[in-house]
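Read the structure below first, then the notes.
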Amino acid sequence: MSKKSRERRERAAHPERRQRTQAEIPFVERPFEGLPVEVELVGLRDILPMATLPARTTSQFGSRDLLLTTTLPGMNAALYRKDGILLIATQMITKSGDASRDIASSIEHGIELKPESSWAPDGLPEPGLRLQDILDPEGFGDLKIWETPEYWMTDDELADPNTTELLNQARDEVPPMAEIDGIRGAYWTRMGSEFLRWVRPEPRDAVLDGVARLRAAAEADFEGGRFIGVFRFLGLAIPVWELDRGTEADELPAPLAQFQSHLEEAIASTAPLTPDQKRARAGVVSRQVVLR
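Residue 23 is where the sequence shown starts when you use my numbering, and the numbers rise one by one after that.
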């Protein structure tokens with residue numbers, strides 16, 4: 023038995039000892055900063071109910087291909103499918119102050135799994151490596167949003183008639199989501215009404231300043247979308263617009279492409295805010311929603 027395995031068995035046998043001695047993980051406000059897929063990871067972590075993002079570990083960790091997902095069955099953090107695909111959840115019940123460390127810990131455990139097995143944490147991870155240390159920055163694929171969690175299953179499992187019923191039930195329980203074609207980090211959803219959530223890659227304060235500039239000039243809306251507020255999550259700002267009733271995701275690329283340069287110009291501006299813009303910013307900040 024390896025030293026790491028002995029240590030894990032010892033921690034599992036004596037949880038009270040772990041609670042007394044485990045070092046606390048420092049809080050990191052923007053845990054995915056520096057990764058080329060920070061925007062996508064923020065979406066996976068909380069905005070999207072069912073989505074995947076291909077990734078690869080560094081050579082130090084075997085150049086292992088894996089699939090980052092939103093959730094996994096049974097609230098597991100890692101699942102090794104029978105067909106050799108390793109899935110790692112980004113949304114989990116147990117959370118420390120550093121989402122990057124949480125997911126990295128799941129990868130560390132996941133790459134030790136055997137096919138048809140899974141792993142669920144029994145507590146907070148210990149301080150250690152983060153995604154920035156484990157994942158190859160050149161190894162990411164494209165984000166994909168799913169209507170059902172079929173990515174949990176192999177092709178043989180999907181062929182089972184009972185699986186179809188379960189997937190259809192999952193589809194009915196989750197609000198529809200879609201990525202806007204050509205607009206990074208912009209996600210359409212229907213929850214009674216239709217909304218657009220746009221995960222911005224810029225520093226959060228710069229986004230708030232930019233939105234304030236547009237609000238003060240009555241230019242924060244776009245064709246078919248009315249600005250209603252900002253989510254704050256994992257160090258980034260996520261402006262939200264309520265869309266015209268019945269708007270579909272495929273209707274948004276053109277108006278958003280026109281609005282995008284306007285928004286980015288306002289965010290990039292370093293001019294001091296005017297009194298009207300400061301008042302607009304205060305109004306936006308007062309209605310911020312912090313996602314946890």
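Yeah, the Cβ is synthetic: ideal placement off N, Cα and C, and Gly gets one too.
### Query
Near S139, what residues of its chain come up, given a Cβ to Cβ distance below 7 Å and the 5 sequence neighbours on each side ignored?
Counted from its first residue, the sequence shown places residue 139 at position 117. Here the set comprises Y102.
### Query
How close, in whole Å, do the beta carbons of V196 and S122 come, if the pair is a contact with beta carbons under 8 Å?
Locating residue 196 in the sequence shown gives position 174, counting from the first residue. Locating residue 122 in the sequence shown gives position 100, counting from the first residue. 26 Å between Cβ atoms; not a contact.
### For M72, the three-state DSSP class (helix, strand or coil)
Taking the first residue of the sequence shown as 1, we reach residue 72 at position 50. Correct three-state label for M72: coil.
### 3 or more residues per run - each beta strand (DSSP E) lying fully within the stretch 142-167
With a minimum length of 3 residues, no continuous beta strand (DSSP E) run stays inside the stretch 142-167.
### Query
Nearest to W141 by alpha carbon, out of G150, T116, R152?
In the sequence shown, residue 141 corresponds to position 119, counting from 1. Closest option to W141, Cα to Cα, is T116.
### Message
How far does the alpha helix (DSSP H) with P183 in it extend, from its first residue to its last?
### Response
As a working mapping, residue 183 is identified with position 161 in the sequence shown. 183-195 is the extent of the alpha helix (DSSP H) around P183.
### Query
Cα-Cα, which of D266, A126, L256, A239 is closest to G247?
Working through the sequence shown from its first residue, we reach residue 247 at position 225. Among D266, A126, L256, A239, the Cα nearest to that of G247 belongs to D266.
### Which listed residue (I133, Q191, V61) has its alpha carbon closest to that of Q82
Against the sequence shown, residue 82 aligns to sequence position 60. For Q82, the closest C-alpha among the options I133, Q191, V61 is that of I133.
#### Entry: Pair within 9 Å by beta-carbon distance, W263 and L295
For the purposes of this step, residue 263 is identified with residue 241 of the sequence shown, where counting begins at 1. For the purposes of this step, residue 295 is identified with residue 273 of the sequence shown, where counting begins at 1. Not closer than 9 Å, so no.
### Task
Quick one: measure Cβ to Cβ for S128 and I47, integer angstroms, because I've assumed they're closer than 8 Å.
Position 106 of the sequence shown holds residue 128. Position 25 of the sequence shown holds residue 47. Not a contact, Cβ separation roughly 14 Å.
### Message
For G106, count the other beta carbons within 10 Å of its own beta carbon; 16 or more makes it buried, fewer makes it exposed. Which is it?
### Response
As a first step, residue 106 must be located in the sequence shown, where it is residue number 84. Result: exposed.
### Endpoints, the beta strand (DSSP E) within which P223 is located
As a position in the sequence shown, residue 223 is number 201, starting the count at 1. P223 -> no beta strand (DSSP E), and no H or E assigned at all.
### Query
Residues in its own chain within less than 6 Å of N98 by CB, not counting five upstream and five downstream?
Counting from 1 along the sequence shown, the entry for residue 98 is found at position 76. For N98, where only same-chain residues beyond five positions count, the Cβ hits under 6 Å are S140, A142.
### Query
Using the beta-carbon count (16 or more within 10 Å), is S24 buried or exposed?
Mapped onto the sequence shown, residue 24 falls at position 2. Low per-residue confidence applies at S24: pLDDT is 48, beneath 50, and the placement is therefore not dependable enough to give any value.
### Query
Under a Cβ-count criterion, where at least 16 other Cβ atoms within 10 Å of its own Cβ denotes burial, should I202 be classed as buried or exposed?
On the sequence shown, position 180 is the one that residue 202 refers to. Buried.
### Query
Out of curiosity, what's the CA-to-CA distance linking G65 and V221?
For the purposes of this step, residue 65 is taken as the residue at position 43 of the sequence shown. For the purposes of this step, residue 221 is taken as the residue at position 199 of the sequence shown. The straight-line gap separating the alpha-carbon atoms of G65 and V221 is approximately 7 Å.
#### Entry: DSSP-derived helix/strand/coil call for F54
As a working mapping, residue 54 is identified with position 32 in the sequence shown. Of the three classes helix, strand and coil, the one that applies to F54 here is coil, per DSSP.
### Query
With C-beta atoms as the reference, is A242 less than 9 Å away from F249?
Counting from 1 along the sequence shown, the entry for residue 242 is found at position 220. Counting from 1 along the sequence shown, the entry for residue 249 is found at position 227. Contact: yes.
#### Entry: Check whether E172 and L165 have beta carbons under 9 Å apart
Position 150 of the sequence shown holds residue 172. Position 143 of the sequence shown holds residue 165. No, Cβ-Cβ distance for E172 and L165 is not below 9 Å.
### Task
Give me the Cα-Cα distance between E62 and T80, rounded to the nearest whole angstrom.
Here the question's residue 62 lines up with position 40 in the sequence shown. Here the question's residue 80 lines up with position 58 in the sequence shown. Note on geometry: alpha-carbon atoms of E62 and T80 lie some 19 Å from one another.
### Message
Just to confirm the assignment: which complete beta strand (DSSP E) runs, minimum length 3, are found wholly within the stretch 243-295?
### Response
Segments of the beta strand (DSSP E) lying fully in the stretch 243-295: 247-255, 258-265.
### Task
With DSSP as the reference, label D87 as helix, strand or coil.
Here residue 87 is taken as the residue at index 65 of the sequence shown, counted from 1. If DSSP states are grouped into helix, strand and coil, D87 belongs with the strands.
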